[in-house]
Structures are given as C-alpha cells and as structure tokens.
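A quick write-up on the structure given underneath.
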Amino acid sequence: MSLSSAMNTAQAIFNNTGTQTSTVSKNMANSGNADYAKRTTIVSTTLFGAQVSTTVRAQNEVLMRQNLTAISQNSGQQSVLSALGDMRSVMGGTNYEMSPAKYLEALRNKIHEYATRPSDQVVGAGVISAAQDAVTALNTASSEIQRVRADADKQIEAQVDKLNNLLSEFKAANDMVTTETARGGDPNDALDRRDSLLKQISEIVGVSIVNRENNDVVLYTSDGTTLFETSPRKVTFQRNLFYSASTTGNAIYIDGVAVDAAKSANTTALGSLPALLQVRDDIAPTFQSQLDEIARGLITIFAENGGTIAGLFQNGTSTTVPAAGTLVPGLAASIVVAPNAITNPSKVRDGSVNGTTQNPDNNSSFSTLLDKYDQAFDSSMAFDAAAGIDVQKTLITFSSNSLSWLESLRSSATAAGESKTALLSRSAEAYSNMTGVSLDEELSLMLDLEQSYKAATKLVSAIDEMLQALLNIAS
Amino acid sequence: MKTSFVSTLSIQNAMRLTVAQAQSELLKAQSEATTGKYYDLGVSLAERTSQSLDLNREVARLKALSETNSLSTQRLASSQTALDNISNAGQSMLNTVLALSGSEDANSLKTARTSIENAFSIFSDMSNMALNGEFLFSGINSDVQPATDMQTNVATAYNTELQFYLTSQGLTDKSQMSATQMDSFLTTVEAKFNGTSTLTDPPHTGRGGEDLWTSYVSQASDTNMTSRISKTEVVESSTNTNTQGMRYMALGAISALTFMDASLDTPARQAANKKMNQFIAAGIDGIDVDRGKLGLSEERIKKANDSLNAQSTIIKTYLGDLEGVDGYEAATRVKNLLALVDASYTLTARIQQLSLVNFL
Numbered sequence: 010m011s012l013s014s015a016m017n018t019a020q021a022i023f024n025n026t027g028t029q030t031s032t033v034s035k036n037m038a039n040s041g042n043a044d045y046a047k048r049t050t051i052v053s054t055t056l057f058g059a060q061v062s063t064t065v066r067a068q069n070e071v072l073m074r075q076n077l078t079a080i081s082q083n084s085g086q087q088s089v090l091s092a093l094g095d096m097r098s099v100m101g102g103t104n105y106e107m108s109p110a111k112y113l114e115a116l117r118n119k120i121h122e123y124a125t126r127p128s129d130q131v132v133g134a135g136v137i138s139a140a141q142d143a144v145t146a147l148n149t150a151s152s153e154i155q156r157v158r159a160d161a162d163k164q165i166e167a168q169v170d171k172l173n174n175l176l177s178e179f180k181a182a183n184d185m186v187t188t189e190t191a192r193g194g195d196p197n198d199a200l201d202r203r204d205s206l207l208k209q210i211s212e213i214v215g216v217s218i219v220n221r222e223n224n225d226v227v228l229y230t231s232d233g234t235t236l237f238e239t240s241p242r243k244v245t246f247q248r249n250l251f252y253s254a255s256t257t258g259n260a261i262y263i264d265g266v267a268v269d270a271a272k273s274a275n276t277t278a279l280g281s282l283p284a285l286l287q288v289r290d291d292i293a294p295t296f297q298s299q300l301d302e303i304a305r306g307l308i309t310i311f312a313e314n315g316g317t318i319a320g321l322f323q324n325g326t327s328t329t330v331p332a333a334g335t336l337v338p339g340l341a342a343s344i345v346v347a348p349n350a351i352t353n354p355s356k357v358r359d360g361s362v363n364g365t366t367q368n369p370d371n372n373s374s375f376s377t378l379l380d381k382y383d384q385a386f387d388s389s390m391a392f393d394a395a396a397g398i399d400v401q402k403t404l405i406t407f408s409s410n411s412l413s414w415l416e417s418l419r420s421s422a423t424a425a426g427e428s429k430t431a432l433l434s435r436s437a438e439a440y441s442n443m444t445g446v447s448l449d450e451e452l453s454l455m456l457d458l459e460q461s462y463k464a465a466t467k468l469v470s471a472i473d474e475m476l477q478a479l480l481n482i483a484s
Numbered sequence: 165m166k167t168s169f170v171s172t173l174s175i176q177n178a179m180r181l182t183v184a185q186a187q188s189e190l191l192k193a194q195s196e197a198t199t200g201k202y203y204d205l206g207v208s209l210a211e212r213t214s215q216s217l218d219l220n221r222e223v224a225r226l227k228a229l230s231e232t233n234s235l236s237t238q239r240l241a242s243s244q245t246a247l248d249n250i251s252n253a254g255q256s257m258l259n260t261v262l263a264l265s266g267s268e269d270a271n272s273l274k275t276a277r278t279s280i281e282n283a284f285s286i287f288s289d290m291s292n293m294a295l296n297g298e299f300l301f302s303g304i305n306s307d308v309q310p311a312t313d314m315q316t317n318v319a320t321a322y323n324t325e326l327q328f329y330l331t332s333q334g335l336t337d338k339s340q341m342s343a344t345q346m347d348s349f350l351t352t353v354e355a356k357f358n359g360t361s362t363l364t365d366p367p368h369t370g371r372g373g374e375d376l377w378t379s380y381v382s383q384a385s386d387t388n389m390t391s392r393i394s395k396t397e398v399v400e401s402s403t404n405t406n407t408q409g410m411r412y413m414a415l416g417a418i419s420a421l422t423f424m425d426a427s428l429d430t431p432a433r434q435a436a437n438k439k440m441n442q443f444i445a446a447g448i449d450g451i452d453v454d455r456g457k458l459g460l461s462e463e464r465i466k467k468a469n470d471s472l473n474a475q476s477t478i479i480k481t482y483l484g485d486l487e488g489v490d491g492y493e494a495a496t497r498v499k500n501l502l503a504l505v506d507a508s509y510t511l512t513a514r515i516q517q518l519s520l521v522n523f524l
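One line per chain: the protein sequences are V and D, in this order. When we follow the numbering used here, the leftmost residue of the first sequence carries the number 10, and every step to the right adds one. When we follow the numbering used here, the leftmost residue of the second sequence carries the number 165, and every step to the right adds one.
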C-alpha cells in the first residue's frame, strides 16, 4: 500500500458520497409522491476501498398486488354505489316524495274521497289530477332510470378510451424498463412510471401480472383475457346513444373477448367496467321492470267492462288490458291517463271512460265502482317474477317493496363501499410504508454522508501533509 | 436497504383519513341527535324500508278515512235534523186530527186545515233539504231535487184517484160519499201510495203500471248513498224520500186536507178521520224507523273513528321505534367524535412539526 493508493481510496469516498447524496436528495424530493419507490445506493468493496455498485428500488410485489386488487374492488364498488345513489335520488328526498309508491297512495286516498262524495265534480277532478301525478311519476322515473343506463354507457365509453391510452403509455414504460434492464442501465424511473400506470389501469379493470425476463410484464384481466403482452390489446366498445326499456347495451371487448358484468350489491366487480355493465344491464333494468309492473297494475285495477278494457289508465292510445302477471317492457314510460277521463272525470265514477256505463240512471252519487277501485288497491294481484320482487302482492305493497329492493341494494353497497375503501387505505398505507420515503431516515442518512465526506477531506489533508513532510526532507 | 418501515406520506395520510372519517361520522351523528331519525333511512333500514313506507301509508290512509267520516257524519246529522222536523210536523198533524175528532164546526175545521197545510209544507221543505250541493233525501241520485212541488204533485195524483173513484160510484162530489165508500176509497188509495198496487190508465194517462209515488212525486233513487267508514266497513249514510214513512206522511196530510170539510156527512168524515189517524201514525213510525237506521250508521261511524284513532296511535308508536334513533346515544356519539376530531387536529399539528430538519 502506498500513500497514492490511500489518496485513491479517499477519492473513491468523494465519488460515493456524491452519488449517495444525489440519491438521498432525489428520495427527499419525492417524499410526497405516492408513486415513487425509495432508492437505495448499494456500495461494495473493491481494490480501491468502497465503490457504488448499483442503485436499488424498494419493491414489494405482494403488497403491490394487494394494493392493485383493493384499488379495483373499491373503484367497482364506488361505481355501483354512485349509480344506486343516483337511482335513489330519482325517488325524491327522505320520504320518497317523488316515488310511484307515494303517488299511488295519494291517488288511492283521492279515490276514497271521491267514493264518499261522488256527486262532487271538484273531487272527481282531484282524482284525475292525482292520476296524472302518478303517471308523471312513473314516466319520469322510467326516463330517469334509462338516463342512468345511458350515463353508464357514456362512462364506459370514456373509460374504454382512457384504458386504451393507458395501455399505450404502459407499452412505452414497459419498453423502457426492458431495454434499460437488458443493457444494465437504470430502469427505476420507468418502473415508477409503470407502477403508477398499473394503478390507474386497475381502477378501470382488474389485472393480474406475470413477470418475464428483463422485468418485462404481461397483463391479464381478472377474467383471464390478455390485456398487454409486448403490445397493448385492443379494447373496443360501441356506445348506444339512446336507451329505452327494451334497448340492450353493447358488450365491451378486450382482445375480442366480451367483459362479463359483475353481480350483487356487494359487487364482484374488479374495476369500473364490470360494475358499469352491472348497473346498465342488471340493476337499472330490474328497477325499470318494477316500474313497468306498477304501471301494469294501475291499468289492471282501473280496467272496465269487468276488466276487459282499460279505464282511467291506458297504454298510450291502446285500450287493451295487459295480460295478468306478464311484464310489458316500457309500460311505465307509455302509460297515460285516458283522455276521456280528463274531459269528464265522472266517467271514472260510472266506469264509462272506455267501457259501458255501470250507472245507466246517471245517479250522481253512484259510488259502487269507486269503492271497488278503492278496495282493489288492497287486493293482491299477480306480478312477473322478472321484476325480481314479489309475484303475488297488492299493488301498493309491490310499489313500496320496489323501494325496499332499491334501498336494500344501496344499504349493502354502502356497507361494502365503506369496507372496501378502508381496505384500500390500509393496503395503500402498508405499501407506502414498505416502499415510500421516510424523510427522517433520509436526513439521518445525509448526516452519515456528511460525516464520511468530512472524514475523507481529513484523510486528504493528512495525506497532503505527509507528502509535504516527505518533500521537505528532500529539499 | 430500507431500514425504517414507515413513510412520511403514510403518516400524513393516516391522520388525514382519521379526520375525514370522524368528520363524516360527526355529520351523521349530529343530524341524528337533532332530528331523532336515522341520517339515511334507506341505508339504515335497507329491506325494512317497505315497512316504514307501509306504516306511513297506513297512517295517511287512516287519516283519510277519518276525514271522509266527518263528511258522512255531517250528512247523517243534517238528515237526522230534517227527519226530526218531519217527525214533529207529523206529530202536530196527528194532534190536529185527534183534537178535531167529531167536531163539525166549519171554523175549527178551517183552522185545522191551515195547521195541516203548515205541517205539510214543513215536510215538503225538509224532504228537499240539501247539504254541500247534495240533496239529502235523493238516495244516490243526489243532484236531483227529490220532491219538487210536493204538495201540488201529491194533490194532483190524489184528486185524480178521487175523481175516478167518484165517477165509478156514480157520484159527482166527495160530499156525497158514504162512510163505506170513504173507507173503500181510502183503502184503495193507500195501496197506491204505499206502492202495493200500481197506477191504472185511465185515469192516469200514460202512467199505467207505474208506482204512484215515484211517478208523481219523488225523483229519488231507492239506493241510498254508502260510505266506507273503516277498512272493512261500509254503511248507508243517507235515506231517501221513497220510504214508507215519507209516503204515509204525504198520504195522511193530503187526506186530511181533502176530507176535513164541513160539507161531508158526519159518518163519512169520521171514517176518514180514523184512516187519517192511521196514515199519519204510520208516517211518523216510518220516519222514526229511518231515523233509527241513520242513528245506527252514526253509531258505527263513531265506533269506527275510535278504532281508527287507536290504530293510528299504535302505528305511529311503532313507526317511531322503526325510524327513530336513541337521541342520548346520538348526542353521546357527537361528543365522542368532537373529542376525537379535536385530538386528531392537535396530533396532526404536532406530527407535522416533528421533523429531524428542526434539529440539524
């Protein structure tokens, strides 16, 4: 060993502290960045003391995967929950003021009042206006539910676009990672970028990751469809601009395979796409069927001529009474108050809106039919099982059970939403604790570096003095 | 090599999340403490939502029933008053007829006739009484006055019968009638009035086979108005002018007006008097039967109202149990949450200050 080799070692220290300081300062700068993984400089011993061999990025694949799953679950659940909230708000405030159930109740009470005073035209007009309110409530609810479906469709389109963009960005990041890794460069920044893209992709669709040579990854959706392999797969979707009860939405294709809709209120959806499909193709259509059944119930209750011709309520211009217990899609949108009844409310009393009068003497206090209508609200009737609630209930109970159905979905979705959000924040915290930057740690590292730099300078000046002393002997 | 397993970001996020959660809980607890109801009924009740809706609807329905019951009560009470007046008028006719029994004095006969005429017109007025635009005694034909010009119409029908009878007996005037003839005529006309026999043509042109009362006098329907007073009970809430009471009352009055005449033979008048007595008494009895029926309906409505009130109270209590939250519990929750948020703020501020930088 010689003084000059000691000098070389001291120089290596300068070199190392320089690199290490730059890593530490980069870590500090990114202490607030959730997508940044902490870097550590690895120093190894060589002939000339210690040397920086490589910079390592803190990684934890298990936690990363858990975090991605939590992101997907939460995003799916929130999509379902917000759609349910939207549907619930269509029904009005705390007391469901805008719901068909409430308007049916009002109509029924009006009918009862009219049965008590059938001679009073003002009360008769009140019945008509209550009937119109009920029809408006059904029409509005129906169009709002279809609006919810159309909104889901629109969101799907936007999400699919976003997913395609993310995948092409993912390709760029992934290419960078593989080339840097292959040539032994620094792939860390590209890895950060790739992880951050993965988080965003997980919000849209659940992914599972397979690692390959040179840090290359292959992405599959949780259904097993290939999403990315060397190059991104095409995600295609054709949006429907108009929705009615009988419209069926288009499927989303990833690499030519249709994405399945999720199920249940505590949704099975991973990512927003399956959740939106669930809203569009399952939840909203079921609620629409319930509205349609309520509309059919109304037409049936007020049917005239012994139930063979529509009375106070009819389906558009048609006066046929729909078959018992069979769903008529879109009836809630097309139900109207019969024009004959609007021009002369007492036709409701006489049963002559579209049928033949039951009151041939034209007695103004004829209340038999009105009382029958009143009672019909309390007698049970058959409903289609497709509506997903009761098959044999009174119309009024059916309408409130429909709200119950919606609220029970919303209740489980809310509970599930809370637990999935909690899970997400837990897993994000765990992941961040594992890979994130601790400012204090970096600062203490910086103190170390400072000390080692100071020691190196001392070393250099000592060697300098020693050399000086040697030269002084010579002179 | 990472040596510490906590990141600056997660420390800050954890505090932030705690505060956010506590605040959203606080919002709910605050609303629950002040309103006494769940913050989000639908989410809290879930599938029990329909129970809450059904109960609320039940309360509204019970309220509607008791509101319409008050209408029926009003109608019944007015009918009772009118029938009471008719019954009183009948009683005064009966008294007049009884007081006159045997008297042949033309003056007292004239006074008696005036008194009968008065009673008859009260009867007629009361029969045509209306409430809220509905004629009380028209049955379900309630927009038509039940007995327009009652006196005139009754008299026309009665006189036609009388003339026909006199002609058939070869007489020209009622003063020529014997007691037997009087009795036989009044029996015939009673059958016509109470509806046991129908009109004949002649003398009633174009009315052959019809009922005298509904043909000449009453426009009312035989069907009475009905009201649903509870979920299961329907009662009649009116009567009509076609009842036997009304018919006999009119028959008694017109017979009295026709045969309280000094020109009649004493035996014939006595025979007539006897019949009139019967008619008017039958009339009063009939009216009292009607009053009894209406009274029964009134009683049913009162009972129904009592039970509606009781049901409504029970349901409201249950609704409170279903939708309500414990106010004390909610208030305590608010206090705890406030303390929690407070502590979080203090801790956040402290932790934010805690940095190695401050000591270098």
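The beta carbon of each residue, even a glycine, is placed where N, CA and C say it ideally should be.
Ignore the nearest five residues each way along the sequence and tell me which others in Ala439/V's own chain have a CB closer than 6 angstroms to its CB. Closer than 6 angstroms at Cβ, skipping near neighbours: Leu72.
Along chain D, in chain order, which residues have C-beta atoms closer than 8 angstroms to that of Ser417/V? Chain-order list of chain D residues neighbouring Ser417/V: Ala210, Glu211 and Thr213, by C-beta distance under 8 angstroms.
Would DSSP call Tyr262/V helix, strand or coil? If DSSP states are grouped into helix, strand and coil, Tyr262/V belongs with the strands.
When the Cα of Phe523/D is compared with those of Asp449/V, Arg126/V and Ser376/V, which residue comes out closest? Ranking the options by Cα distance to Phe523/D, first place goes to Asp449/V.
Would you mind telling me which residues of chain D sit closer than 9 angstroms to Ser373/V, beta carbon to beta carbon, in chain order? In chain order: Glu298, Ser302, Ile304, Asn305, Ser306, Asp307 and Val308.
Nearest by alpha-carbon distance to Ala140/V: which of Leu307/V, Asn39/V and Met443/V is it? Ranking Leu307/V, Asn39/V and Met443/V by Cα distance to Ala140/V puts Leu307/V first.
Pair within 7 angstroms by beta-carbon distance, Leu270/D and Ala426/D: Checking the sequence, you will find Ala at residue 270/D rather than Leu. In contact: Ala270/D and Ala426/D (Cβ atoms closer than 7 angstroms).
In the structure shown, what three-state DSSP assignment does Ser374/V receive? In the structure shown, Ser374/V sits in coil (DSSP, three-state: anything other than H, G, I, E or B).
Indicate whether the contact test is met: 3 or more Cβ pairs, each with one atom in the segment 331-343 of chain D and one in the segment 162-172 of chain V, closer than 8 angstroms. Segment contact: the segment 331-343 of chain D against the segment 162-172 of chain V, fewer than three CB-CB distances shorter than 8 angstroms; contact not assigned.
Do we get a CB-CB distance below 7 angstroms when we pair Leu520/D with the residues of chain V? Interface with chain V (7 angstroms Cβ-Cβ cutoff): Leu520/D is included.
By DSSP's criteria, Arg48/V is part of a beta bridge. Which residues make up the other side? Partner(s): Arg66/V.
Taking all protein chains shown into account, decide if Ser168/D is buried (16 or more other Cβ within 10 angstroms of its Cβ) or exposed. Flag for Ser168/D reads exposed.
Hey, does Gly416/D have any beta-carbon neighbour from chain V nearer than 7 angstroms? No, because no Cβ of chain V sits closer than 7 angstroms to the Cβ of Gly416/D.
Cβ-based neighbour list, Asn17/V, same chain, cut-off 7 angstroms, excluding 5 preceding and 5 following: Contacts found: Phe57.
Neighbouring residues, chain V, relative to Val399/D (Cβ below 8 angstroms): One finds nothing in chain V with a Cβ atom closer than 8 angstroms to the Cβ of Val399/D; even the nearest lies about 11 angstroms away.
Where the alpha helix (DSSP H) through Thr245/D begins and ends: Here the alpha helix (DSSP H) through Thr245/D covers Thr213 to Leu264.
For Phe311/V, collect the residues of the same chain with a Cβ closer than 7 angstroms to its Cβ; drop the 5 residues on either side in sequence, then sort them by chain order. Taking C-beta separations shorter than 7 angstroms and ignoring five residues to either side along the sequence, the partners of Phe311/V in its chain run Gly320, Leu321, Phe322 and Tyr382, following chain order.
Identify whether Arg392/D lies in helix, strand or coil by the three-state DSSP scheme. Note: Arg392/D maps to strand in three-state DSSP.
For the putative contact between Leu209/D and Tyr482/D, defined by C-beta atoms under 8 angstroms, what is the C-beta separation to the nearest angstrom? The pair is not a contact, with the Cβ atoms about 13 angstroms apart (cut-off 8 angstroms).
For Leu295/D, the three-state DSSP class (helix, strand or coil): In the structure shown, Leu295/D sits in a strand (DSSP, three-state: E or B).
Determine the chain V residues that contact Thr181/D at a beta-carbon separation under 7 angstroms, and present them in chain order. The sequence as given places Leu at residue 181/D; Thr does not occur at that position. Residues of chain V whose Cβ lies closer than 7 angstroms to the Cβ of Leu181/D are, in chain order, Ser434.
Suppose you measure from the CA of Tyr462/V to the CA of Met455/V; what does that come to, to the nearest Å? Whole-angstrom Cα-Cα distance: 10 angstroms.
Do Asn223/V and Thr190/V have their C-beta atoms closer together than 7 angstroms? Taking 7 angstroms as the Cβ cut-off, Asn223/V and Thr190/V qualify as a contacting pair.
Tell me the start and end of each unbroken alpha helix (DSSP H) in the segment 305-345 of chain D that is at least 4 residues and wholly inside, in chain order. Fully enclosed alpha helix (DSSP H) runs of no fewer than 4 residues occupy 314-332 of the segment 305-345 of chain D, in order along the chain.
Whether Leu172/V touches Leu206/V by CB criterion (7 angstroms): Not closer than 7 angstroms, so no.
Judging by CA-CA distance, which residue of Asn410/V, Arg435/V and Ser434/V is the nearest neighbour of Gly206/D? Per the Cα distances, Asn410/V.
Ser519/D lies in the alpha helix (DSSP H); which residues open and close that run? Neither: Ser519/D is in no alpha helix (DSSP H) and is coded neither H nor E.
Thinking C-beta only, is Thr362/D closer than 7 angstroms to Gly373/D? Yes, the pair counts as a contact, with Cβ atoms nearer than the cut-off.
List, in chain order, every chain V residue whose beta-carbon is nearer than 8 angstroms to that of Thr172/D. Under the 8 angstroms cutoff, chain V gives Ser40, Gly41, Gly445, Val446, Ser447, Leu448 and Asp449.
If you drop the 5 nearest sequence neighbours on each side, which residues of the same chain put their C-beta closer than 6 angstroms to that of Val498/D? Counting only Cβ-Cβ distances below 6 angstroms, and skipping sequence neighbours, we find Ala193, Gln194 and Ala197.
Neighbour flag for Asp485/D against chain V, beta carbons, 7 angstroms: Judged by the 7 angstroms Cβ criterion, Asp485/D is not in contact with chain V.
Starting from the beta carbon of Leu217/D, find every residue of chain V whose beta carbon is closer than 8 angstroms, and list them in chain order. Here the neighbours are Tyr105, Ala110, Ser409, Leu412 and Ser413.
contact_flag[the segment 314-330 of chain D, the segment 376-385 of chain D] where n(CB pairs < 8 angstroms) is 3 or more: Contact holds: three or more Cβ-Cβ distances are below 8 angstroms.
Verify the CB distance criterion: does Thr64/V have a CB-CB separation below 7 angstroms to chain D? Not an interface residue.
Considering only their Cβ atoms, is the gap separating Leu217/D from Ala110/V smaller than 7 angstroms? Yes. Within cutoff.
So, for Asn371/V: in the same chain, excluding its five sequence neighbours on each side, which residues have a beta-carbon less than 8 angstroms away from its beta-carbon? Cβ neighbours of Asn371/V beyond the five flanking positions: Asp359.
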